[in-house]
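**Q**
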Amino acid sequence: MKKLGFGCMRLPVLGESKDFMSAEDIDLAQFCQMVDTFMERGFTYFDTSYVYHNGKSEVFLKEALVKRYPRESFLLADKLPTFSITRPEQVPVIFEEQLERCGVSYFDYYLLHNIWETNYDTNIVPCDEFGFACRMKKEGKIRHLGMSFHDSPETLDRILTEHPEVEFVQIALNYYDWDSELVQSRRCYEVIRRHNRQVIVMQPVKGGMLAQVPDDVRSEMEQMRPGMTPASWAVRFAAGLEGVIVVLSGMSNLQQIEDNTSYMQEFLPLSRQEQDFLKKAVEVMKQSKTVACSQCKKCDAACPKNIHISDILGTYNTIMRQREQGLDVNVELNYYRPLKRRQHGGDICDGCGKCSEVCPMQLDVVRELKHASEFQDEHSFW
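First residue of the sequence shown: 0, per numbering that gives the first Met the number 0; consecutive thereafter.
Here it is in structure tokens:
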């Protein structure tokens, strides 16, 4: 299997661009062209979900792919909406609906979608969702069982320990978030590999952010690899990691399909020099800030409540940078509530001001923390 996967969460739509989670008027003609190009170039992995495009992603995949190609010629991945399930009897109903929507009798890869610790304890375990998926695998309706995950490495380690049946984990992973204190791509990746499970990568281009790098970064990329787009650097970073079986790219038009497949047909991992360059590129990107936080972490050390102040402010800066680029897919918004649950969120700040006293940037840290925390709470996905 070639390592590039077609993520069907931002399909081309008719008319003006809309929010990818709710737009239902898919441009079927263009989608068929995209599927044809993807398949003609030897790529076979398609990823969808019960909730993408309000369920229409599954429906249009049936029209553009399933009805037009032999079943054995492609790999189809779908996801159970764990966040919408509160009763065990919902699980088989949704699963059968997914099979019908997609027009298939089995899924090659099936994932429990968007797992984090609270959801795991309050929904997934009581509703025996892993147990159901294992039964479907025994019946041949699921070929490979996995999960998509948005939480801490510690929670991931716990779940993989409790569920040896999980064959792979899909995580947000890219060179910008590799050492992020909130997303923690590297640490989650290391947990998966320590458990000897396979990795599927989502957000390799960070919702498009890493396709729009600063001009000086783009220029140096072009000098090092003429003709290679910034997006190609991001995908190659993820695809070159040991244990990564596929890197998902949410492609919205034929041009993106042609670009991504061009450099992934004969995949070339990053050299050591290129990896070192990307570390410097991250530092350049982080210089653009809404809040002038230097990430020195002196505020963290001074906080008597052990609030992760620098993480919250740094994450807010990243979200604002993405929104300035017109991007509305901010993976960080998956992570703030778990941070609160671990008693490190800004909601427990009592305004003592010790953080502001030690800030070398002379910020009103209490005020900035309050604003950043409330923003992430308001816009989080749950």
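For each residue, glycine too, the CB sits at the ideal point set by N, CA and C.
Take GLN211 and list the residues in its own chain whose beta-carbon comes closer than 7 angstroms to its own, dropping the five residues that flank it on each side.
**A** Excluding sequence neighbours, GLN211 sits near GLN324.
**Q** Please name the residue or residues paired with GLY249 in a DSSP beta bridge.
**A** GLY6
**Q** Using the C-alpha atoms, what's the distance from VAL245 back to SER184?
**A** 16 angstroms
**Q** Nearest CA to the CA of PHE59: which residue from THR81, GLU99, GLU257, LYS339?
**A** GLU99
**Q** GLY4 to CYS348, Cα distance in whole Å?
**A** 42 angstroms
**Q** What residue range is occupied by the uninterrupted beta strand (DSSP E) comprising HIS112?
**A** 106-114
**Q** For HIS343 and chain B, any beta-carbon pair shorter than 8 angstroms?
**A** The chain inventory of the structure shown lacks chain B, comprising one protein chain alone.
**Q** Please list the terminal residues of the continuous beta strand (DSSP E) segment that includes ALA171.
**A** 167-171
**Q** Classify MET0 as buried or exposed, calling it buried when 16 or more other Cβ atoms lie within 10 Å of its own Cβ.
**A** exposed
**Q** Rounded to the nearest angstrom, how far is the Cβ of PRO337 from that of TRP115, given a contact under 8 angstroms?
**A** 5 angstroms
**Q** Closest to ILE170 by CA distance: which of PRO163, MET8, VAL190 is it?
**A** Of PRO163, MET8, VAL190, the residue nearest in Cα terms is VAL190.
**Q** Any chance you could list the alpha helix (DSSP H) runs of at least 4 consecutive residues sitting entirely within the region 22-69, in chain order?
**A** 27-39, 55-60
**Q** Can the beta-carbon of LEU144 be found less than 8 angstroms from the beta-carbon of GLU164?
**A** yes
**Q** For the 8 angstroms Cβ check, are there 3 or more pairs between the region 116-130 and the region 57-76?
**A** no
**Q** Below 8 angstroms between beta carbons: does that hold for VAL290 and LEU312?
**A** Their beta carbons are under 8 angstroms apart, which means VAL290 touches LEU312 by this criterion.
**Q** Measuring straight from C-alpha to C-alpha, what distance separates SER231 and LEU247?
**A** 12 angstroms
**Q** In whole angstroms, what is the alpha-carbon distance linking VAL243 and GLN29?
**A** 29 angstroms
**Q** According to DSSP, what are the bridge partners of HIS143?
**A** Its beta-bridge partners are TYR108.
**Q** Which same chain residues end up closer than 6 angstroms to GLY102 when comparing Cβ atoms and leaving out the 5 residues on each side of it in sequence?
**A** LYS61, VAL65
**Q** The beta strand (DSSP E) with ASP77 in it runs from where to where?
**A** 74-79
**Q** Please tell me whether SER372 and LEU362 are closer than 8 angstroms, where the distance is taken between their beta carbons.
**A** For SER372 and LEU362, no; Cβs fall outside 8 angstroms.
**Q** Checking the sheet assignment: what are the DSSP bridge partners for PHE148?
**A** ILE114, ILE170
**Q** Straight-line CA distance for MET135 to ASN113?
**A** 20 angstroms
**Q** Using only the alpha-carbon positions, how far apart do ARG217 and LYS285 sit?
**A** A direct Cα-Cα distance of roughly 15 angstroms separates ARG217 from LYS285.
**Q** To which residues of the same chain is SER287 closer than 7 angstroms at the C-beta, ignoring the five residues directly before and after it?
**A** ARG320
**Q** Where does ILE84 sit, in a helix, a strand or coil, going by DSSP?
**A** coil
**Q** Taking the Cβ atom as the reference point for each residue, do ARG196 and PHE167 lie within a distance shorter than 8 angstroms?
**A** yes
**Q** Tell me, to the nearest whole angstrom, how far the beta carbon of ARG9 is from that of SER251; I am working on the premise that it is less than 8 angstroms.
**A** 5 angstroms
**Q** Does the distance from the C-beta atom of THR81 to that of GLU128 stay below 8 angstroms?
**A** yes
**Q** Out of ARG271, LEU111, PRO69, ALA63, point me to the one whose CA is closest to VAL50's CA.
**A** LEU111
**Q** May I have the straight-line CA-CA distance separating CYS351 from ASP376, to the nearest angstrom?
**A** 22 angstroms
**Q** Residue range of the beta strand (DSSP E) that MET201 falls in?
**A** 197-201
**Q** Tell whether a beta-carbon distance below 8 angstroms holds between VAL234 and VAL204.
**A** The Cβ atoms of VAL234 and VAL204 sit closer than 8 angstroms to each other.
**Q** For VAL12, which beta-bridge partners are listed by DSSP?
**A** ILE25
**Q** Hey, LEU172 and ALA237 are a contact pair by Cβ (cut 8 angstroms); roughly how many whole angstroms apart?
**A** 5 angstroms
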